[in-house]
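Each residue of the sequence shown is one higher than the one before, starting from 2 at the first, in my numbering.
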Amino acid sequence: MPRSASGFPDEVDVAIVGSGPAGAAYARALSELAPQLRLAVFEAGPLISDPPGTHVKNIVDPEQRARAQRASEGPRPIAEAVSTDTMDDYASDQPTLQRPGTFLLEKTRQRASEDGLPAAAMSSNVGGMGAHWTGACPRPGDSEVIDFLPELTDWLGEAERLLGVSADVLADAPFADEVRKRLSVTLDHDRPRDRQIQPMPMAVRRTPDGQLLWCGADMVFGDATRTNPNFSLHAEALVTQVLLAEDGQGEQSEQGGRAVRGVRARDRRTDTEHQVAARYVVVAGDSLRTPQLLYASGVRPTALGRYLNDQPQLVYAVRMRDLPDLPPTPDDGVGVTASSGVAWVPFTDAHPYHGQVMQLDASPVPLADDDLAPGSVVGLGWFCAKDLRAEDRIAFRDDELDGYGMPAMDIHYRLTEADHAAIDGARTEILHAAAALGEPLDDTPPLLFPAGASLHYQGTVRMGAIDDGTSVCDPTSQVWGVHGLFVAGNGVIPTATACNPTLTSVALAVGGARSIAAAES
Ligand code: FAD
């Protein structure tokens with residue numbers, strides 16, 4: 002794959018906005034299915050790792066890793082290097098809101114009467130949040146599943162291939178089987194077989210020399226994209242507008258309505274703007290910035306930015322006792338440590354929570370005073386599905402710009418009575434699971450993270466079976482009434498999910514890319 006070229010092409014077939022897992026999935030699937038198409042990915046953030054999109058935790062040198070994290074933190078990076086695990090600081094009174102490699106939404110004008118999303122965050126770098134994530138890739142179940150997509154199971158399987166997902170790779174971490182056994186005894190009795198306790202499918206791979214590495218957008222791009230002579234990646238290239246041909250203007254779509262004709266992109270290194278002609282534009286700029294770019298381009302369907310949902314998240318920790326002696330596991334501080342077993346408590350309609358049970362390392366943050374066997378301290382994270390409402394939304398301002406010069410964002414967001422009931426239910430279930438595993442680390446009750454901390458924002462460009470005003474795109478991810486304009490990422494997911502969304506987003510990207518490839522064959 003050509004490295005970030007300094008010059009933009011004048012014309013491509015498909016312009017992809019954003020280089021996270023969803024944008025990368027379009028590049029990969031189209032490289033494989035329609036290699037004749039000229040593809041360009043435009044990424045607002047810098048190149049931080051090699052190959053492009055590589056997870057920062059695979060960077061061996063800690064200083065270089067910290068620099069890569071800072072470089073991902075948008076227009077105003079935080080000054081201090083902080084810890085790098087989503088569960089770090091889970092037990093403090095003031096949990097860290099901003100995770101390394103992310104930056105908080107600049108203008109969250111939360112209304113005093115609303116809950117808001119104080120922890121809403123983004124990443125700006127080649128690879129997007131996929132260069133900083135934890136890699137948990139569960140399949141959705143029961144009401145999480147999008148029921149009008151007959152091919153979803155097939156797309157999920159393909160997404161697992163693209164993301165390099167494996168349920169086996171961490172399954173034999175120290176005490177991982179003991180964690181699953183203890184959870185299973187208490188939680189499995191009323192669950193269907195495929196939704197019982199099991200190892201978490203993870204986007205983690207083992208190298209031939211035995212090292213465990215995180216998979217990110219580098220894995221999704223893959224060699225098929227990197228060696229595609231028709232592909233180019235442009236870092237520090239902010240797309241400021243999707244260009245459209247309106248009704249009655251030349252390149253109008255065959256069905257009537259509007260059609261894309263390209264993008265306007267700003268080279269952030271030279272502060273120059275360029276127009277790039279394209280027949281298809283895929284906007285994969287995350288759940289906050291994808292609707293932002295549509296808004297800035299004058300594409301403003303009723304549902305744009307609405308049905309915003311974040312998964313309320315509770316965390317708790319226990320220490321397992323009465324464990325067999327195991328030899329110590331080496332921890333070189335790179336990639337995934339061998340004590341990183343993750344068990345999965347799948348969402349079901351009867352237990353509408355997604356449980357993620359992570360064995361925490363004993364270092365570098367001591368969680369208890371005495372010596373701990375790695376893998377014996379277990380963090381439990383329980384995610385709830387939000388009560389979906391059109392009123393929960395991201396709105397954009399015409400009179401104010403954000404740090405990138407795009408329309409500033411306002412969040413309107415409330416937790417409903419149903420949400421509070423779900424959080425109470427999750428609290429009960431997390432304590433139940435914790436009791437099955439061991440004893441609490443201290444007497445702190447389960448901690449509810451601030452809204453937005455899940456980093457799983459969905460619904461803002463949601464998919465629908467029909468164009469009834471409650472969705473932005475059709476089942477192929479094409480925006481209703483705008484030929485050639487596709488949306489991608491977690492914002493496309495229309496259901497209330499509790500499970501980590503990236504696998505589903507990549508699956509929907511596979512479906513969208515296949516529809517473009519089919520139209521071009
Ligand atoms: P992103 O990865 O956010 O990428 C979007 C990219 O688009 C960004 O790089 C951005 O700079 C770029 N962009 C935006 N607007 C423009 C524009 N106008 N022009 C050009 N470029 C633009 N998810 C899971 O499923 N499982 C997990 O275990 C998990 N753990 C996580 C842990 C952490 C610490 C973090 C930070 C995230 C985690 N996530 C997890 C979330 C996961 O990373 C995201 O769901 C995923 O990266 C979304 O992919 P995406 O491609 O849609 O968006």
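Yeah, the Cβ is synthetic: ideal placement off N, Cα and C, and Gly gets one too.
Classification of ARG270 by the beta-carbon crowding that lies within 10 angstroms, buried from 16 upward: Exposed, since its Cβ has fewer than 16 Cβ neighbours within 10 Å.
Bounding residues of the beta strand (DSSP E) (the contiguous stretch that carries GLY263): Boundaries of the beta strand (DSSP E) harbouring GLY263: 259 to 268, taken from the DSSP string.
Nearest-angstrom Cα separation, counted from ASP155 out to HIS133: Roughly 27 Å between the two C-alpha positions.
Sequence-distant residues of its chain with Cβ nearer than 6 Å to TRP345 (five each side left out): Hits under 6 Å: PRO139, GLN199, MET201.
CB-CB length for GLU107 against ASP403, believed under 8 Å: Between ASP403 and GLU107 the Cβ distance is about 5 Å, and since that is below 8 Å, they are a contact.
Per-residue burial, VAL283 [other beta carbons within 10 Å of its own, 16 or more giving buried]: Classification for VAL283: buried.
Contact test: ALA120 Cβ vs ligand 1 heavy atom, cutoff 7 Å: Relative to ligand 1, even the nearest heavy atom lies 7 Å or more away from the CB of ALA120.
Boundaries of the alpha helix (DSSP H) in which MET407 is found, first to last residue: Boundaries for MET407: no alpha helix (DSSP H) harbours it, and the DSSP string shows neither H nor E there.
Spatial distance of ASP388 from ASP143 (CA atoms): Cα to Cα, the separation comes out at about 16 Å.
Enclosing beta strand (DSSP E) for MET203 [first to last residue]: In the DSSP assignment, MET203 falls within the unbroken beta strand (DSSP E) covering 203 to 207.
Whole-Å CB distance - ARG398 paired with PRO408, under 8 Å assumed: The Cβ separation is near 6 Å, so the contact holds.
Bounding residues of the beta strand (DSSP E) (the contiguous stretch that carries THR477): Counting along the chain, no beta strand (DSSP E) covers THR477, and no H or E run does either.
Element boundaries [beta strand (DSSP E), containing VAL127]: Premise fails: VAL127 is in no beta strand (DSSP E) and is neither H nor E.
Heavy atom of ligand 1 within 7 Å of ASP268 beta-carbon: No, Cβ of ASP268 sits at least 7 Å from all heavy atoms of ligand 1.
Three-state secondary structure assigned by DSSP to SER84: Because SER84 carries a pLDDT of 41, less than 50, the predicted location of this residue cannot be relied on, and the following value inherits that uncertainty. If DSSP states are grouped into helix, strand and coil, SER84 belongs with coil.
Candidates ALA489, GLY490, ARG415, GLY470, of which the one nearest GLY482 by Cα: Residue GLY470 is the option with its Cα nearest to GLY482.
Rounded separation between ALA23 and ASP272 - CA only: A direct Cα-Cα distance of roughly 26 Å separates ALA23 from ASP272.
Expected contact under 8 Å - CB spacing of GLY54 and GLY128 to nearest Å: Their Cβ separation, rounded to whole angstroms, is 4 Å, which keeps GLY54 and GLY128 in contact under 8 Å.
Closest residue to LEU171 among ASP11, SER341, LEU164, CYS216 (Cα-Cα distance): Taking the Cα of LEU171 as reference, the smallest distance to any Cα among ASP11, SER341, LEU164, CYS216 is reached at SER341.
Whole-angstrom distance between ASP11 and PHE384, CA atom to CA atom: Computed Cα separation, rounded: 45 Å.
Nonlocal neighbours in the same chain, by C-beta distance under 6 Å from THR496, ignoring five residues either side: Setting aside the 5 residues that flank it on each side, THR496 is surrounded in the same chain by GLU145, ILE147, each with a C-beta closer than 6 Å to its C-beta; the list follows chain order.
Segments of 4+ residues assigned as alpha helix (DSSP H) that fall wholly inside the region 271 to 317: If we require 4 residues or more, the alpha helix (DSSP H) runs fully inside the region 271 to 317 come out as 287 to 297.
Sequence-distant residues of the same chain with beta carbon closer than 6 Å to SER506, five excluded per side: Taken in chain order, the residues that qualify are ALA23, GLY490, ASN491.
Buried or exposed by the 16-neighbour rule on C-beta atoms within 10 Å, applied to HIS190: In this structure HIS190 is exposed. Its beta-carbon is surrounded by fewer than 16 other beta-carbon atoms within 10 angstroms.
Nearest-angstrom Cα separation, counted from GLU392 out to GLU152: Going by the C-alpha atoms only, they are around 31 Å apart.
Supposed contact pair PHE487 and GLN314 - C-beta distance, whole angstroms, cut 8 Å: About 30 Å separates the beta carbons of GLN314 and PHE487, which is beyond the 8 Å limit, so they are not a contact pair.
Outcome for VAL13 when other beta-carbon atoms lying within 10 angstroms are tallied against a minimum of 16: Within 10 angstroms of the beta-carbon of VAL13 lie 16 or more other beta-carbons, which makes it buried.
Unbroken beta strand (DSSP E) run spanning THR241, endpoints: Looking at the DSSP string, the run of the beta strand (DSSP E) that includes THR241 is 238 to 246.
Heavy atom of ligand 1 within 7 Å of ALA457 beta-carbon: Before going further, note that residue 457 is His rather than Ala in the sequence given. At least one heavy atom of ligand 1 lies less than 7 Å from the C-beta of HIS457.
Distance, LEU31 Cα to PRO502 Cα: When rounded, the distance between both Cα atoms is 22 Å.
Within 8 Å, strictly: CB atoms of LEU244 and ARG265: The answer is yes: Cβ separation under 8 Å.
Closest Cα partner of GLY286 within the set VAL462, ASP420, ALA168, HIS421: With distances taken between Cα atoms, GLY286 lies closest to VAL462.
C-beta atoms of VAL180 and LEU438 nearer than 8 Å: Taking 8 Å as the Cβ cut-off, VAL180 and LEU438 qualify as a contacting pair.
Ligand 1 heavy atom lying under 7 Å from the CB of MET410: MET410 has its CB no nearer than 7 Å to any heavy atom of ligand 1.
Distance, LEU164 Cα to ASN231 Cα: Answer to the nearest angstrom: the Cα atoms are 22 Å apart.
Unbroken beta strand (DSSP E) run spanning LEU486, endpoints: LEU486: member of the beta strand (DSSP E) spanning 486 to 488, first to last residue.
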